[in-house]
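Structure first, commentary second.
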Amino acid sequence: MKKIAKIALLLVMVAGILVNTSWAAPVSQDTAKKVALNWMNEKSNKGFTSGDVSAPTDAKRDSSSPYYIFNFNSNGWAIISGDDVAYPVIAYSETGAYTNTTLPPAFEEWMNNISQQVSSSSNKTLRSSDNPKAKVAWDRLSVAPENFVPQKDRRENSVEPLLGNLQWNQSEYYNALSPADSLGRGSDGHAYAGCVATAMAQVMKYHRYPERGTGSYSYDDLSNKDSDGSTIPYSAYGRQSADFGSATYNWSTMPDSLSSYNNDVATLLYHVGVSVNMNYGPKGSGANVDYNAKNALINYFKYDRSLYYASKAKYTGTDWINLLKSELNAARPIIYVGYGTGGHAFVCDGYKDADYFHFNWGWGGYLDGFFLLNDLTPGSSNFNNTQGGLMGVKPAVAPTPTCTFNVTPESRSFDAAGGTGTISVSVASGCSWTSVSDSSWITITSGSSGNGYGTVYYSVGANLTASSRTGTITIGGKTVVISQAAGKIPPEPPPIPKTECSYYAVSPEFSHFTTSGGNGTINVTAASGCSWDAVSNADWIMLLGSSGTGNGMVMYSVTPNSSFMPRTGTVSIEDKTFTITQEAVSCYRVISGVSISVLRCGGTIKLVIQVSVISWGTDCPPLRIIINDSWLALSSEETAQRDDTTITHFINVEPNPDSTPRSTTIYVEGEPVTINQEGSSHYKGGVFTVDETGIVTTDWLYDGGRYQGEFGIFNLTGMESLTPGSPEFIAEAAKRVLSNSNQGYLVFSDLSEGARFSGLLGGE
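Counting from 1 along the sequence shown, just add 7 to a position and that's the residue number in the working numbering.
As structure tokens, this is what we get:
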């Protein structure tokens, strides 16, 4: 809400990566709408249609570079760039709607900043080779929705918002203990609580710490400044004091949002405000983050002294993103700040994919969402370096959590076609939980377990019966009821065209079973008076009611499959065939995967997988190994090695042509295995000299380092049986050092491994 005292200017987000086009071009409303619709369907799986998308709002455009904001029936919104100079999707949310009224100040300033960035970039001449990433995104997302192919949602590369449903504000109810304004200004006649206090308080609520603070603090509140720099009359509210050591912070009585006065929430916000020397005002209240907020958390609220303020200007774009992800992966929300015409504090509490980070603006949940956070593309000014945040915010002593679980929603209804849904789990950090479905038609697709706040993703299968049904998902003792409507009753069979016995039909024509087997039925359609017989071709398919006259039914039973191979059988009814397939027993179960590090030069690596072996039968299928990256190649199954508890496969790894390390995940029977490869090194040049005794002196420049040493030249004749690098090899080589030989070889050391012998370099 209020400007933060900071000299540097700039806010929070960056709009993008330049497209791979020759010239920047405005984006039409129709194209932007296609991009928004395809993106939201890819991310939410809600099946939006064009009719669900509202007319766009282009808020505060700058010159000819607008951005469009689309609403999706109050079920989300998306901000799309108005010029293809920027990455297409700037921000999005799967909940809520944009109303263009009472915007969070930090969000409003960010949008102004986005417009400036797009305008600045689009006014410059760009070449298609600058960066192809945005071009690929525009091409993929701007197709007709019926032709759009969604990418697989990689939820393993994400952290759902850690604050969950926590949606505090700075105004009415929350500011009840902020200084009263003598003129009745502000919100509810009080100064605003302040964005710094709101961000800090929400992070403290997430940790539910401390139960009691330490020490006390007082200061004299001074006059407040307006947005034009002028002093606001009667905005100096005098002495402000808080006794942190005598206060008890009752976390269990602080709800996720307020609709009435709550003294515990108001006390926390006021105490935090005093602790940071809040400059209260009727239009906004401000404080310093990098010094005041950091010291207050340590000195008054007993947070770990290792927390620190990090400035984005001191990091590369990639290093900054990785720093944020490391904090969020450790379940530590970040008190984030950005500076533009003013300064604002809010909370970064999650991320998705490579570049989208979730922000809680501290404005009652309004416009919380995922925002593109990345450096501006070539050819534009750098608008986002003056960002920063408090890292490592955690209690000095981890409190024993009070594990009171809340789930939202508590019930959900589906039609007969089924679908997907999510459940938000709200509980203190340190409280672990699992999610369990009691019905085979309800499948947990992600979030089967967690710690603290989290999200459970599930799918509901189609109901093919004539009865409605109900199932549950249980999380931390809380039950979510899932109900589903009945399926449509199958239509009457078509009329029989002939009375003579020449027409038969079966429904369905196919069925699939797991290894455990089961029961099923086959509907038979035949003319009245026409008899039929059902015959199984497999002893594991047993029939009940194998003959009849006219319309009828065949019931069958499939026995469990104890072999390692899948099987197929049929039931013949006159001239019709009903097919049954059954899964095989798995030969092995993967117990644990591994993480493998690979040198930059690539080569062949061993993938040793620990398994629980059921049988090494000759009909045992190969271990399923899925590799998605072209720089890895799996050797043939014939090269695999087996023993009682392990299977060893060989993977060929291509050299890494880039100096940046790379990583990928392969899947072994569904279990992830991470492979990391270091970046390429670069030989810069060097010299060597040979003296009269045959000693070679080297002086190399390699990856910015200087490496020096002495080596010998010798003849290899007669040493073929010795292993290079062995003690015998080195002893014989020392005797053979000679000069002026065109049959000699230079012994050299791998610069990355010190002076250890590693090979031979041919020379004259």
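For each residue, glycine too, the CB sits at the ideal point set by N, CA and C.
| query | result |
| --- | --- |
| Same chain, Cβ closer than 7 Å to THR730, five either side skipped, listed in chain order | PHE736 |
| Whether GLN177 touches THR221 by CB criterion (7 Å) | no |
| Among GLY536, THR672 and VAL531, nearest to VAL579 - alpha-carbon criterion | Note on identity: in this sequence residue 579 is Ser, with Val being the wrong assignment. For the residues GLY536, THR672 and VAL531, the minimum Cα distance to SER579 belongs to VAL531. |
| Cα-Cα separation, ARG631 to HIS656 | 11 Å |
| LEU550, DSSP secondary structure in three states | strand |
| C-alpha gap between SER728 and SER456, whole angstroms | 58 Å |
| Buried versus exposed, by CB contacts within 10 Å (16 or more), SER560 | A small fix is needed here, since residue 560 is Met in this sequence, not Ser. With fewer than 16 other Cβ atoms within 10 Å, it is exposed. |
| As assigned by DSSP and simplified to three states, the class of LEU1 | As shown, the chain starts at 8 and ends at 771. That puts residue 1 outside it, with no answer to give. |
| First and last residue of the uninterrupted alpha helix (DSSP H) at LEU148 | 140–148 |
| Counted within 10 angstroms of its Cβ, other Cβ atoms place PRO112 as buried (16 or more) or exposed | buried |
| Whole runs of the beta strand (DSSP E) within the segment 525–580, excluding any shorter than 3 residues | 525–533, 538–543, 548–551, 554–556, 559–565 and 574–580 |
| Buried/exposed call for LEU380, threshold 16 Cβ in 10 Å | buried |
| Among PHE77, GLY58 and ALA32, the one whose alpha carbon lies nearest that of ALA43 | PHE77 |
| Three-state secondary structure assigned by DSSP to VAL210 | helix |
| Reference MET549, options GLY555, PRO567 and ALA534, closest by Cα | PRO567 |
| Helix, strand or coil at GLU727 according to DSSP, with G and I counted as helix | coil |
| Close Cβ partners of ALA183 (< 6 Å) along its chain, the five nearest in sequence each way excluded | TYR268 and ALA273 |
| CA-to-CA distance, VAL434 to ASP263, given in whole angstroms | 11 Å |
| LYS50 versus GLU101 - alpha carbon distance | 8 Å |
| Touching by the beta-carbon criterion (3+ pairs, under 8 Å), the segment 424–434 and the segment 456–466 | yes |
| Cβ contact (3+ pairs, closer than 8 Å) linking the segment 150–160 and the segment 249–256 | no |
| Candidates MET572, LEU641 and VAL283, of which the one nearest TYR2 by Cα | In the structure as shown, the chain begins at 8 and stops at 771. Residue 2 is therefore absent and cannot be evaluated. |
| Three-state secondary structure (DSSP) of THR653 | strand |
| Simplified DSSP assignment, three categories, for SER267 | coil |
| Buried versus exposed call for GLN648 [16 or more other C-beta atoms within 10 Å across all chains shown] | exposed |
| DSSP three-state assignment for LEU304, whether helix, strand or coil | helix |
| Nearest to THR260 (by Cα), restricted to the options SER266, ASP271 and ALA254 | ASP271 |
| PRO416 in three-state terms, based on DSSP | coil |
| Contact set for GLU581: own chain, Cβ-Cβ below 6 Å, skip 5 residues either direction | TYR511 and TRP539 |
| Nonlocal neighbours in the same chain, by C-beta distance under 7 Å from ILE794, ignoring five residues either side | The chain is shown only over 8 to 771; residue 794 falls outside these bounds and no answer can be derived. |
| Residues sharing a beta bridge with ASN659, DSSP | THR611 and ALA640 |
| 7 Å Cβ cutoff, TYR322 in contact with chain C | In the structure shown, chain C does not exist; there is a single protein chain. |
| Test item: CB-CB of ALA98 and GLY396 under 7 Å | no |
| Cβ-based burial, HIS519 [other Cβ within 10 Å; buried from 16] | exposed |
| Rounded Cβ spacing between LEU781 and ALA208 (contact assumed at less than 8 Å) | Since the first residue shown for the chain is 8 and the last is 771, residue 781 is missing from the structure and cannot be characterised. |
| CA-to-CA distance, ALA423 to PHE353, given in whole angstroms | 42 Å |
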